[in-house]
Amino acid sequence: MNLESILKYQAIDIELRKLKREMQSNENYKIAEDARRKFNEMKTVVAKSENTASKVYGGYEESLKYYDEAVRSADELIKKLQDENITDEQAEAAAAKLNEIKARLAEISDFVGNIKKKGESVVHDFSAAQKSGLELKNKYNQARDAMKKLEESYKPKIAALQKQLADARAQMSDADYETYEKASKEAAPPAFVEVYVADGNTMNCSMCGYSLSLNTQSELKERGYCVCEKCHRIIYGKKK
Numbered sequence: 001m002n003l004e005s006i007l008k009y010q011a012i013d014i015e016l017r018k019l020k021r022e023m024q025s026n027e028n029y030k031i032a033e034d035a036r037r038k039f040n041e042m043k044t045v046v047a048k049s050e051n052t053a054s055k056v057y058g059g060y061e062e063s064l065k066y067y068d069e070a071v072r073s074a075d076e077l078i079k080k081l082q083d084e085n086i087t088d089e090q091a092e093a094a095a096a097k098l099n100e101i102k103a104r105l106a107e108i109s110d111f112v113g114n115i116k117k118k119g120e121s122v123v124h125d126f127s128a129a130q131k132s133g134l135e136l137k138n139k140y141n142q143a144r145d146a147m148k149k150l151e152e153s154y155k156p157k158i159a160a161l162q163k164q165l166a167d168a169r170a171q172m173s174d175a176d177y178e179t180y181e182k183a184s185k186e187a188a189p190p191a192f193v194e195v196y197v198a199d200g201n202t203m204n205c206s207m208c209g210y211s212l213s214l215n216t217q218s219e220l221k222e223r224g225y226c227v228c229e230k231c232h233r234i235i236y237g238k239k240k
């Protein structure tokens with residue numbers, strides 16, 4: 001393992017991460033990201049409202065059709081009952097049918113009333129979402145413009161560090177690069193840290209402060225590096 005090339009790569013990588021973090025912690029960056037997320041939520045509400053409105057309108061139209069048909073049937077039965085030549089049996093059947101239609105009309109009327117309430121609720125949600133969405137879009141656009149200016153100001157520094165990082169990577173072996181990547185995923189950078197020797201020659205991880213076991217200390221002395229048993233960072237010996 002070529003420790004020198006790994007440490008060089010790590011130093012540039014940490015600097016690049018720090019710069020990106022600094023940019024992303026900017027207030028306009030946060031506002032733009034938050035507004036974008038909320039705007040997308042409002043777009044979903046609008047889409048759902050439009051879909052529900054379509055179903056509500058369809059149910060309303062269908063109910064009115066049934067209502068009109070029931071009213072026509074009731075009118076025909078009333079005319080039939082007014083016929084002087086109708087028999088008692090026919091009158092009873094017509095009256096029973098008329099009561100069925102009356103009950104059906106009451107059901108349809110209630111259903112239409114519920115649809116109306118639901119429709120009003122959908123319209124309210126739709127209008128509120130559109131209004132909020134427009135406000136959020138304007139807020140996002142303003143913050144995005146400021147964010148673009150911010151990104152442009154950071155761009156040269158980031159590009160320079162990215163080039164340095166690529167150059168440092170070219171000087172590393174694939175095995176060393178894989179070791180660094182794996183260590184960086186297991187522990188937050190810096191993944192490679194120098195050993196800290198306390199009073200009495202006690203060896204510790206300079207990052208988490210964990211005291212190394214005798215076996216781990218022996219490994220460090222023999223190989224020049226070891227893995228911290230607590231934070232899993234790679235500890236290397238003091239540079240001479």
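The opening position of the sequence shown corresponds to residue 1 in our numbering, with each subsequent residue numbered one higher.
The C-beta atom is built at its ideal place from N, Cα and C for all residues, glycine as well.
Bear in mind the structure is a predicted one, so any value in this text is a computation, not a measurement.
N- and C-terminal bounds of the beta strand (DSSP E) containing residue i
| i | result |
| --- | --- |
| residue 225 | 225-227 |
Sequence-distant residues of its chain with Cβ nearer than 7 Å to residue i (five each side left out)
| i | result |
| --- | --- |
| residue 12 | 161, 164, 165, 168 |
| residue 251 | In the structure displayed, the chain extends from 1 to 240; residue 251 sits before or after that span and is not available. |
| residue 143 | 28, 31, 32, 35 |
| residue 170 | none |
| residue 146 | 28 |
| residue 184 | 191 |
| residue 216 | 226, 229 |
| residue 198 | 204 |
| residue 219 | 226 |
| residue 89 | none |
Start-to-end residues for the alpha helix (DSSP H) that takes in residue i
| i | result |
| --- | --- |
| residue 6 | 3-24 |
| residue 84 | Here residue 84 belongs to no alpha helix (DSSP H), and DSSP marks it neither H nor E. |
Proximal residues to residue i (C-beta, below 6 Å), its chain only, five neighbours per side dropped
| i | result |
| --- | --- |
| residue 233 | 187, 191, 193, 207 |
| residue 154 | 23 |
| residue 189 | 14 |
| residue 180 | 6 |
Distance CB(residue i)-CB(residue j) smaller than 8 Å
| i | j | result |
| --- | --- | --- |
| residue 202 | residue 211 | yes |
| residue 176 | residue 5 | yes |
| residue 224 | residue 195 | no |
| residue 235 | residue 205 | yes |
| residue 2 | residue 150 | no |
beta-carbon residue i near the ligand FMN non-hydrogen atom, thresh 7 Å
| i | result |
| --- | --- |
| residue 207 | The model on display carries no ligand, and the ligand FMN is accordingly not part of it. |
Same chain only: Cβ atoms within 8 Å of residue i, ignoring 5 sequence neighbours per side
| i | result |
| --- | --- |
| residue 8 | 168, 171 |
| residue 17 | 189 |
- Task: Could I get the ranges of all uninterrupted alpha helix (DSSP H) runs contained in the stretch 123-209, with 4 residues as the minimum, in chain order?
- Result: As far as the stretch 123-209 is concerned, its whole alpha helix (DSSP H) runs of at least 4 residues are 174-186.
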